[in-house]
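The next block holds one structure in the form of structure tokens; read it before the comments.
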Amino acid sequence: MAKKKAPAIQQRAMYSRMSFLYQAATCMAIIDAGNSESAKSTQTTPPAAADSDAHMEDGHKDDYKVGINHDGNPPPTTQALSRKLLTDLRSVTLKTQIRMNSDIKRTICKYCDTLLVEGQTCTSTVENQSKGGRKPWADLLTIKCHTCSQTRRYPVNAPRQKRRPLRIAEQQNQKATQGATEEAAIINLQPQPQNQETT
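Terminal number for the sequence shown in this note's numbering: 204, no gaps in between.
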């Protein structure tokens, strides 16, 4: 007798492609954030530090400045490449009808496909719009994208609603068990004929 094999994952290539696109977009966003921080640090260097580079030979000291290409223009941003990769990721999920994990989906801006990195490309706050903030179950996590200035709101303490097919199946199971218990109760309540011996 042969052993039963574990069921194979369908569309394995699409899952690996989605994983690659998300990892590449994350890498590009991190590189862009690192370049912007280093560019800020080079802009704030004092003039004495700039004069200390005068000992460089052949007049190539300008080539070593961070954030400037050889032609004098700033380098193309990798943020645009990151957004393009995330757009491709979204189109792959729509075409193959594969659901993204909600944790991954919340790190991507729905409107401009920017990777949301706390403190760099977005800010997040917890707000409660109930009267006086008295209802703790009304807390909302608000994430604002710096690229498009759009906000998304997510409930913090509310349980997530199940998908519709799962809800329908659960309701049918409840009706079936409820119907079976009612039938059993009716059978128990009906008077049963007693065997009386006549003498």
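The beta carbon of each residue, even a glycine, is placed where N, CA and C say it ideally should be.
Apply the 10 Å Cβ neighbour rule to residue i and answer buried if 16 or more other Cβ atoms are within range, or exposed otherwise.
| i | result |
| --- | --- |
| residue 91 | buried |
| residue 153 | exposed |
| residue 113 | buried |
| residue 96 | exposed |
| residue 119 | buried |
| residue 135 | exposed |
| residue 87 | buried |
Identify, in the order they occur along the chain, each residue of the same chain with its Cβ nearer than 6 Å to the Cβ of residue i, setting aside the five sequence neighbours on each side.
| i | result |
| --- | --- |
| residue 133 | 143 and 144 |
| residue 60 | At residue 60 the pLDDT is 46, less than 50, meaning the model places this residue with poor confidence; the figure from the coordinates comes in the next sentence. There are no such residues. |
| residue 140 | none |
| residue 184 | none |
Note down, in chain order, each residue of its chain lying with its Cβ closer than 8 Å to the Cβ of residue i, except the 5 sequence neighbours on either side.
| i | result |
| --- | --- |
| residue 116 | 150, 153 and 155 |
| residue 23 | 94, 97, 98, 103 and 105 |
| residue 121 | 111, 112, 113, 114, 127, 148 and 150 |
| residue 19 | 97, 101 and 103 |
Near residue i, what residues of its chain come up, given a Cβ to Cβ distance below 7 Å and the 5 sequence neighbours on each side ignored?
| i | result |
| --- | --- |
| residue 84 | 34 and 37 |
| residue 157 | 115 and 148 |
| residue 205 | Any property of residue 205 remains undetermined from this structure, which presents the chain solely from 6 to 204. |
| residue 129 | 123, 146, 147 and 148 |
| residue 171 | none |
| residue 160 | 145 |
| residue 174 | none |
Based on Cα-Cα distance, which residue from the options lies nearest to residue i?
| i | options | result |
| --- | --- | --- |
| residue 14 | 103, 29 and 123 | 103 |
| residue 162 | 131, 171 and 121 | 131 |
| residue 125 | 18, 19, 108 and 31 | 31 |
| residue 26 | 176, 8 and 89 | 89 |
| residue 107 | 166, 138, 140 and 82 | 166 |
| residue 28 | 12, 109 and 10 | 109 |
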